[in-house]
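Engineer: Residue numbers (the numbering used here): 288 to 949. All C-beta atoms, glycine included, are put in the ideal place defined by N, C-alpha and C. Below you'll find the structure I mean.
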């Protein structure tokens, strides 16, 4: 119960009015029946209420003065108070824009109180207030409109608002004194979870930062041996015939000769990773031997540009640079010198975790850097690595796109090493946030499609989990796995193509413990390239080069999607290989889904056999177009046991095992 003595009156009229007047005083209210509700925010149905901890709802939920049936320890979310008609709804929600549903902070009564008091006569007319409240100060801003964003939503008790004139002088005085004090408490309670959540998301470490920290003490691979010992020819010649940019980050921890194995026919740019910022001066702690690496001359010989990536990770580190123009100038001067000395082609800025208070400073810095670098090196290209979700509203995408030659959105880390469950690193669809929504957010913000590059993952995460079930809860942080490693593991354990999110995953056991891997393969990457083509984006970014492990199929996917000589120009992209996926669920009862991809139009035969080789079911026997397909088998008239499903498509034959448990 509130400790404020001004609120200990037994008069329910004062309490009811306090609730209504507090909201109207501090928020702009829009009645759903009479006003334009363009800013509505869909409520999220959450767990039982916490109303006993919230002063505003304390009066409605648990104060004895409101009903005679209240008692200490009474929980109105489970037991509606005596004398009060209740419906299991009413809520008070606070959700930062851009937050995943699971992270929304929600405070609710779980009951819509409709008290029978003199202000709302029994059987009388009632106007239910279903309002949308907006912060007058716009503490959180919508990425599209930059206007005050809807961060509060509630269903309050019925009846129309009543004026102070209906109360006695004593009650008016008590109300006026109590309103400010109690509202301050309410705002603190409401805003602290919002601020805490936003801070948590801002400080989430991306794969760029995690792997940089992990390899911090590694030597730069290229300088570990003489350039004369490096193979002189790449795997494929560097004659570019791509309709889009293909921009790959080359991490300094890659193997000594990794750059010579890249398929330069599938690249237009390489970003050398990285110039690590000295936040004390604006200079660098290390540039990972940018001045001596052979990759620049080698890539140039193949017709590929090389830029230098500047990294600065963390809120405080970015405050130190973005808030200090002297350090900024030192950085700009140093970058110009490094580009001139090594014959570099530009700069990619990777500044991660930026506060809202630095929004304008970020734009000003990028304008200053771009202007000065291009004044000395007119052909230099300036780009930025930008977030998939702008949790804090720190990024003015439209302004940054005007300044930069292109923005490379890091279209991954939707599920990351610290996620509470395993899940898709880069879901194309499904989930509350996905790659498709991210791209649309940028376009809606005013970023020209030709200046937007979609960063795609050549990696995945391997979580320790509770069980083999899809998106099982994680028991600890995940470890990253390169595309090459994940594919090798999948060949041993089998993989399932997730129809909802359009990415593969698999579970496996390590000793007695379950683990689950989500990553991108050639099929899921092809689907993302289709999005790039359909939205007419400028191209792709790749994190990270060398993660292919010399597997040519991942390079072939880029050329198949963006070649100007060998593919139809259309939104969809043909797969680059034949593949049969592990069924899901497995074990199953009674139905399971089997997915496969075809490189070309083929006559397909998909059948199920028992372990003795007897045919059990024919799932497909017809001509099928190139692409991705899923068929469901409902095993209703067969016994439990192991079964084999076999796919024949042209000259390709592949079989996998599944288990039916009844």
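Do residue 536 and residue 745 have their C-beta atoms within less than 7 Å of each other?
Structural biologist: Not in contact: residue 536 and residue 745 (Cβ atoms no closer than 7 Å).
Engineer: Who are residue 745's beta bridge partners in DSSP?
Structural biologist: According to DSSP, residue 745 bridges with nothing at all.
Engineer: Helix, strand or coil for residue 866? Go by DSSP, reduced to three states.
Structural biologist: Reduced to three states, the DSSP call for residue 866 is strand.
Engineer: Provide the residue(s) that pair with residue 801 in DSSP beta bridges, ordered along the chain.
Structural biologist: Answer is 752 and 796.
Engineer: Once the 5 residues before and after residue 690 are set aside, which same chain residues still bring their CB inside 6 Å of it?
Structural biologist: Counting only Cβ-Cβ distances below 6 Å, and skipping sequence neighbours, we find 653, 654 and 657.
Engineer: Alpha carbon to alpha carbon, how far is residue 675 from residue 742?
Structural biologist: Each residue's Cα considered, the two are about 9 Å apart.
Engineer: So, using beta-carbon positions, are residue 887 and residue 895 closer together than 7 Å?
Structural biologist: Result no, Cβ atoms of residue 887 and residue 895 do not sit closer than 7 Å.
Engineer: Please name the residue in 603, 864 and 850 whose C-alpha comes closest to that of residue 889.
Structural biologist: Residue 864 is the option with its Cα nearest to residue 889.
Engineer: Under the DSSP definition of a beta bridge, which residues are partnered with residue 562?
Structural biologist: Answer is 597, bridged to residue 562.
Engineer: Between residue 917 and residue 871, what straight-line distance do the alpha-carbon atoms span, to the nearest angstrom?
Structural biologist: One C-alpha to the other measures close to 11 Å.
Engineer: Report, in whole angstroms, the separation of the C-beta atoms of residue 635 and residue 596, which I expect to be a contact under 8 Å.
Structural biologist: Confirmed, Cβ separation roughly 4 Å.
Engineer: Does residue 533 come out as helix, strand or coil in the three-state DSSP assignment?
Structural biologist: Strand, per DSSP.
Engineer: Could you name the residues that DSSP lists as bridge partners for residue 928?
Structural biologist: Residue 928 is bridged to 947.
Engineer: Using the DSSP secondary-structure output, state which residues sit across from residue 888 in a beta bridge.
Structural biologist: DSSP output for residue 888 lists no bridge partner at all.
Engineer: Taking only three categories from DSSP, how would you classify residue 830?
Structural biologist: Strand, per DSSP.
Engineer: Would you mind sorting residue 923 into buried or exposed? The rule is 16 or more other CB atoms within 10 Å of its CB.
Structural biologist: It counts as exposed.
Engineer: Taking residue 593 as the reference, give the member of 561, 914 and 726 with the closest Cα.
Structural biologist: Nearest option by C-alpha distance: 561.
Engineer: Does the distance from the CB of residue 747 to the CB of residue 806 come in under 7 Å?
Structural biologist: In contact: residue 747 and residue 806 (Cβ atoms closer than 7 Å).
Engineer: If you follow the alpha helix (DSSP H) that residue 849 is part of, which residue opens it and which one closes it?
Structural biologist: Looking at the DSSP string, the run of the alpha helix (DSSP H) that includes residue 849 is 839-849.
Engineer: Okay, do the region 550-561 and the region 583-591 touch, 3+ Cβ pairs below 8 Å being the bar?
Structural biologist: The answer is yes - the region 583-591 touches the region 550-561, with three or more Cβ pairs under 8 Å.
Engineer: Residue 615 by DSSP, collapsed to three states: which one?
Structural biologist: If DSSP states are grouped into helix, strand and coil, residue 615 belongs with the helices.
Engineer: Could you give the first and the last residue of the continuous beta strand (DSSP E) run that contains residue 916?
Structural biologist: Segment 914-921, the beta strand (DSSP E) holding residue 916.
Engineer: Do you know offhand how far residue 542's Cα is from residue 797's?
Structural biologist: Cα-Cα distance, rounded: 28 Å.
Engineer: Is the CB-CB distance between residue 834 and residue 793 below 7 Å?
Structural biologist: Cβ distance not < 7 Å, so residue 834 and residue 793 don't count as in contact.
Engineer: By DSSP's criteria, residue 697 is part of a beta bridge. Which residues make up the other side?
Structural biologist: Beta-bridge pairing links residue 697 to 742.
Engineer: As a quick exercise: from 899, 900, 874 and 639, pick the residue whose alpha carbon is nearest that of residue 949.
Structural biologist: Among 899, 900, 874 and 639, the Cα nearest to that of residue 949 belongs to 874.
Engineer: How big is the Cα-Cα spacing for residue 787 and residue 606?
Structural biologist: One C-alpha to the other measures close to 39 Å.
Engineer: From residue 599 to residue 506, what distance separates their C-alpha atoms?
Structural biologist: C-alpha separation (whole angstroms): 19 Å.
Engineer: Residue 876 to residue 827, Cα distance in whole Å?
Structural biologist: Their backbone Cα atoms lie some 41 Å apart in a straight line.
Engineer: Secondary structure at residue 812, three-state DSSP: helix, strand or coil?
Structural biologist: Looking at residue 812 - three-state DSSP - the assignment turns out to be helix.
Engineer: If you reduce the DSSP assignment to three classes, tell me which class residue 883 lands in.
Structural biologist: Residue 883: strand per DSSP, three-state reduction.
Engineer: Suppose the cutoff is 8 Å on Cβ atoms and the five residues either side in sequence are ignored; what does the same chain contact list for residue 850 look like?
Structural biologist: Answer for residue 850: 528, 529 and 530, listed in chain order.
Engineer: Relative to the C-alpha of residue 639, which candidate in 604, 708, 942 and 893 has its C-alpha closest?
Structural biologist: The shortest Cα separation from residue 639 among 604, 708, 942 and 893 belongs to 604.
Engineer: For the alpha helix (DSSP H) that residue 636 lies in, which residues bound it at each end?
Structural biologist: Unbroken run through residue 636 is the beta strand (DSSP E), 633-639; no alpha helix (DSSP H).
Engineer: Cα separation between residue 569 and residue 659?
Structural biologist: In a straight line, the C-alpha of residue 569 is about 16 Å away from that of residue 659.
Engineer: Is the beta carbon of residue 847 closer than 7 Å to that of residue 804?
Structural biologist: No.
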